[in-house]
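One structure below.
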Amino acid sequence: MDYNYSDYNEGNMDFESITEYDKEELYLLNIQHSADIIVILSDILSYVSTIESIELIYNKYDKNTKRVPNPDIPAVQSIQLLMLARVAYTAISFIRYQHLYERKINGEFDFSLEPNVNANISNILRTLGTYYALIAAIGIYNRDISQPIIGI
């Protein structure tokens, strides 16, 4: 019998027979799901920062401006959230690799682990890139409010 996500949400599945392996997979996927939501929130903050940066530039030429936005704050917050998500993705990737490696050693997994190694390398590089973006954003924030954070 085929199940889909809506069956899961409606409580139509028998979870008594679920394997420990599948429980662990679901656990990792739930963490990934949370990280995905964090990335969406990060993107929203990045969008807010961009809009506020545009306002900041226009406000230089508006003599009636009462409110000057600080677009650096949502920019830094955006990258902080992205860093959190990247660390979660990297941890999940390594845990998944370890599980597959153990299954391969036990003869339960017949496929190459190379794609998982590549995923781990990718996650490390993306996390490092996000770390440097965070360092850059904080540096720009500390340097000058009149210059919006662009390109991060």
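Residue numbers for the sequence shown follow the numbering used here, beginning at -16 and rising by one.
Cβ coordinates follow ideal geometry from the N, Cα and C atoms, glycine included.
Predicted, not measured: the structure shown is a model, and the values here were computed from it.
Below 6 Å CB to CB, which residues in the same chain sit around residue i once its five sequence neighbours on both sides are set aside?
i: S25; result: S61, L64, L65
i: F92; result: L83, R86
i: V100; result: none
Give me the residue from the options with the minimum Cα distance to residue i.
i: I75; options: Y30, P52, I107, V59; result: I107
i: D127; options: L9, L11, S36, Y4; result: S36
i: T110; options: R69, D45, N47, L9; result: R69
i: N53; options: S32, V100, I88; result: S32
i: I27; options: E3, P98, V59, H16; result: V59
Rounded to whole angstroms, what is the Cα-Cα separation between residue i and residue j?
i: N57; j: S0; result: Sequence check: residue 57 is Pro here, not Asn. The straight-line gap from Cα to Cα measures roughly 46 Å.
i: R50; j: R79; result: 49 Å
i: A116; j: F(-2); result: 43 Å
i: Q81; j: G112; result: 24 Å
i: K6; j: S29; result: 35 Å
i: T3; j: L39; result: A small fix is needed here, since residue 3 is Glu in this sequence, not Thr. So the alpha carbons of these two residues sit roughly 54 Å apart.
i: L96; j: Y114; result: 27 Å
i: N13; j: I34; result: 32 Å
i: I121; j: P98; result: 34 Å
i: L9; j: F94; result: 21 Å
i: G90; j: I23; result: 39 Å
i: N125; j: I88; result: 51 Å
What are the boundary residues of the alpha helix (DSSP H) that includes residue i?
i: N13; result: 3 to 42
i: G134; result: Note, G134: premise wrong, no alpha helix (DSSP H); not H, not E.
i: K87; result: 55 to 88
i: S105; result: 97 to 126
Give me, in chain order, the residues of the same chain whose beta-carbon lies closer than 7 Å to that of residue i; leave out the 5 immediate sequence neighbours on both sides.
i: I123; result: D55, Q130, I132
i: L11; result: I75, I78, R79
i: Y44; result: none
i: K46; result: none
So residue i and residue j are in contact, right, with Cβ under 8 Å, and what is the actual spacing, rounded?
i: A18; j: A71; result: 4 Å
i: I21; j: L67; result: 6 Å
Could you pull out every residue in the same chain whose Cβ sits closer than 8 Å to the Cβ of residue i, ignoring the five residues on either side in sequence?
i: N103; result: T73, S76, F77, Y80
i: T48; result: N42
i: Q15; result: A71, Y72, I75
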